[in-house]
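Chains as they are written, first to last, in my numbering: chain A, 20 to 312; chain P, 606 to 890.
To start, the structure under review is shown below, and the notes come after it.
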Amino acid sequence: MKAYDSNAYRLFTFANYLILLAIGLLCVLPMFHLLAVSFSSKGPANANLVGLWPIGFTTEAYAEAFTNTKYLKSFLVTFERIALGVTINMILTFLLAYPLSKESRDFPLRSVYVWFIVFTMLFGGGLIPSYMLMKQLHLMDTIWALVLPGAVPVFNVIMLLNFFRQLPKELEESAFMDGASHMVSLIRIYVPLSMPAIATLTLFSVVGHWNSWFDGLIYMKSPDHYPLQTYLQILLEQTKNAITLDGAKQISEVAKRSLYSAQIFMAMLPILLVYPFLQKYFVKGIVLGSVKG
Amino acid sequence: MMLPGIVFLIIFNYVPMVGISIAFQDYNPTKGFFGSEWVGLRYFKFMLELPDTATVVRNTLIIAGLKILFGFLVPILFALLLNEVRQTLVKRMVQTMVYFPHFLSWVILGGILIDILSMQGGAVNQILSWFSVDPIFFLGDPQWFRAVLISTDVWKEFGFSTIIYLAALSGINPQLYEAAVIDGANRWKQTLNITIPGILPVAVLMATLSIGGILNAGFDQIFNLYNALVYDTGDIIDTYVYRIGLVDAQYSLATAVGLFKSVVSLILISVSYALAYRFANYRIF
């Protein structure tokens, strides 16, 4: 395309690359800074002298984090939560999306059920009634309080339902000819064809459970049951109060800066490692879920 | 097949809707849901008289409105710039970097931001000092707090929001560009006359759908960044409900405020969906 190669366009391209690279770096440099602080020795870290490279390189903070039983326990709670929660999320998503993806003539009450689940996205009881319900059900301080309220990820159901609808109907029809039931058709035909969707929805579900902190904060009474992000939230709250409210406390709190950074960094490491590989799937998933023809 | 999912939705989504009736009771935890006295609209009247209510509603509208505005414009501009990049590798690399913050929680980002925005040697204040600007107390100054909320929200989410516009851009028929080149259009003219009209329907759709979120100013973000110093400009309906409800245990009042928000949101979301259906033929399923 010779027509593009004017000098002005070349200049634009050069500037564009610079701008985009700068914007990209702006999104990740704060995390590099965090990493640098976590590997710095206490003095420079506390004096806030660390930029993007550790000063006085040491793994002390990580050693300390690894001996902190409360922190390690919170990891375990989060892993347990993910194992339970993601499994429940995925099973319920498939069980709901499959029938709802059928045509109305095969499933007459379809639109009633769709509205029944969509309505929960539009309106809810709110914080206090949900909290009361957990108390009434005696789920407080159990792992179920973190897993069950979000057992049905309605948004994921809608995405999978839309994905199912664009799969070729003929496959299923021929299976029915051979005497397959709906359950067999779901497991033998739909699940294998949905691998990209499964990858996307599992990523969303894992990230959702990994990042949740508020339910842990309000439903867990004992600090031993805090999931990872709730544990970090409590630390954050202390740091915040030290910096903004009470100048005197500041000195003792800030002394833990490199430790704090190490703990945060370890909490984001799994996402950092996993998500680039799933990128192409979730991009497709998002597009499918939001703009449809 | 649908039974388990439906049961969970009834228990954890529909039962709390019944619990809303706490807002019409003088709820007393020792007497419970059935023993508490019914007081009609007393808590709603009380809510309207509270000076805090006006403040949090105003804050919510301002913060959410500005977030919607910038969260709408920045991804479009960014997608247009990224669309000009021809090297797949560079494009992929930039995308990977800008999507990343979306996947982190506000707890983690809060920890990072408090460090970067701090008065004593935080990165932003250091950069400002090169231009001999005095250190700014970003997280403790009511004047600056909203700006912090909006810019950090855009920073976290603009990359991810770009995905939709990039998809729309890749859907534009390349023949249109070829025809334009033959007619002598330069890149700028092509952008103006083909690219922008090409993504306009998606942009209108996204703008319409965002109306429904005007009362969601972002609980996670504000809860993790705010403090008593900035309640005046940073306290929103959701954080207020948390404080009066779960911290001060004023269950009925908190439920009333929450219900007010839910009802207004329901109306706004319904209107935005109806508009999106009418003008963009958008359906969620």
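No residue lacks a Cβ here, since even glycine has one placed at the ideal position from N, Cα and C.
Leaving out the 5 sequence neighbours to the left and right, which residues in its chain are closer than 7 Å to residue i when beta-carbon positions are compared?
| i | result |
| --- | --- |
| residue 90 of chain A | 84, 250, 282 |
| residue 112 of chain A | 172, 175, 176, 179, 220 |
| residue 821 of chain P | 669 |
| residue 665 of chain P | 820, 822, 841, 842 |
| residue 236 of chain A | 249, 252 |
| residue 239 of chain A | 160, 245, 249 |
Quick check: what's the CA-CA separation for residue i versus residue j?
| i | j | result |
| --- | --- | --- |
| residue 68 of chain A | residue 714 of chain P | 20 Å |
| residue 752 of chain P | residue 285 of chain A | 29 Å |
| residue 292 of chain A | residue 256 of chain A | 27 Å |
| residue 200 of chain A | residue 766 of chain P | 40 Å |
| residue 883 of chain P | residue 243 of chain A | 52 Å |
| residue 652 of chain P | residue 623 of chain P | 21 Å |
| residue 258 of chain A | residue 813 of chain P | 39 Å |
| residue 268 of chain A | residue 72 of chain A | Only weak support is given to the placement of residue 268 of chain A: the predicted model assigns it a pLDDT of 49, under 50, and the value that follows is read from those uncertain coordinates. The straight-line gap from Cα to Cα measures roughly 28 Å. |
| residue 773 of chain P | residue 183 of chain A | 22 Å |
| residue 835 of chain P | residue 743 of chain P | 10 Å |
| residue 305 of chain A | residue 885 of chain P | 18 Å |
| residue 216 of chain A | residue 854 of chain P | 43 Å |
| residue 218 of chain A | residue 119 of chain A | 21 Å |
Compute the distance between the beta-carbons of residue i and residue j, then report whether it is under 7 Å.
| i | j | result |
| --- | --- | --- |
| residue 228 of chain A | residue 143 of chain A | no |
| residue 277 of chain A | residue 80 of chain A | yes |
| residue 642 of chain P | residue 657 of chain P | no |
| residue 671 of chain P | residue 755 of chain P | yes |
| residue 712 of chain P | residue 721 of chain P | no |
| residue 863 of chain P | residue 146 of chain A | yes |
| residue 117 of chain A | residue 205 of chain A | yes |
| residue 687 of chain P | residue 287 of chain A | no |
| residue 136 of chain A | residue 225 of chain A | no |
| residue 873 of chain P | residue 816 of chain P | yes |
| residue 861 of chain P | residue 628 of chain P | yes |
| residue 110 of chain A | residue 170 of chain A | no |
| residue 770 of chain P | residue 681 of chain P | yes |
| residue 875 of chain P | residue 648 of chain P | no |
What did DSSP end up calling residue i once you bin it into helix, strand or coil?
| i | result |
| --- | --- |
| residue 689 of chain P | coil |
| residue 122 of chain A | coil |
| residue 134 of chain A | helix |
| residue 643 of chain P | strand |
| residue 725 of chain P | coil |
| residue 631 of chain P | strand |
| residue 587 of chain P | Absent from the structure is residue 587 of chain P, since the part of chain P shown begins at 606 and ends at 890. |
| residue 157 of chain A | coil |
| residue 612 of chain P | helix |
| residue 68 of chain A | coil |
| residue 270 of chain A | At residue 270 of chain A, the pLDDT of 48 sits below 50, so the modelled position is not reliable; the number obtained from the coordinates is stated separately. Residue 270 of chain A falls in the helix class under three-state DSSP. |
| residue 170 of chain A | coil |
| residue 823 of chain P | coil |
| residue 286 of chain A | helix |
Using a Cβ-Cβ distance under 7 Å, would residue i count as near chain P?
| i | result |
| --- | --- |
| residue 142 of chain A | yes |
| residue 211 of chain A | no |
| residue 134 of chain A | no |
| residue 227 of chain A | no |
| residue 111 of chain A | yes |
| residue 67 of chain A | yes |
| residue 232 of chain A | yes |
| residue 77 of chain A | no |
| residue 185 of chain A | no |
| residue 287 of chain A | yes |
| residue 268 of chain A | Interpretation of residue 268 of chain A is limited by its pLDDT of 49, a score under 50 that renders its predicted location unreliable; the figure taken from the coordinates is listed afterwards. Chain P, which has no Cβ nearer than 7 Å to the Cβ of residue 268 of chain A, makes this no. |
CB-CB under 6 Å to residue i, same chain, minus the five flanking residues each way: which ones, in chain order?
| i | result |
| --- | --- |
| residue 4 of chain A | Because residue 4 of chain A is not part of the residues shown, which for chain A are 20 to 312, the question remains open. |
| residue 270 of chain A | Here residue 270 of chain A scores only 48 on pLDDT, less than 50, and its place in the model should not be relied on; the value that follows carries that caveat. Correct list: empty, nothing qualifies. |
| residue 880 of chain P | 813 |
Chain A beta carbons: is any one of them nearer than 7 Å to that of residue i?
| i | result |
| --- | --- |
| residue 725 of chain P | yes |
| residue 710 of chain P | yes |
| residue 610 of chain P | yes |
| residue 792 of chain P | yes |
| residue 823 of chain P | no |
Note to self: Beta carbons nearer than 7 Å to chain B: which residues of the segment 616–635 of chain P have them?
What the structure shows: Protein chains A and P are contained in the structure displayed, whereas chain B is not.
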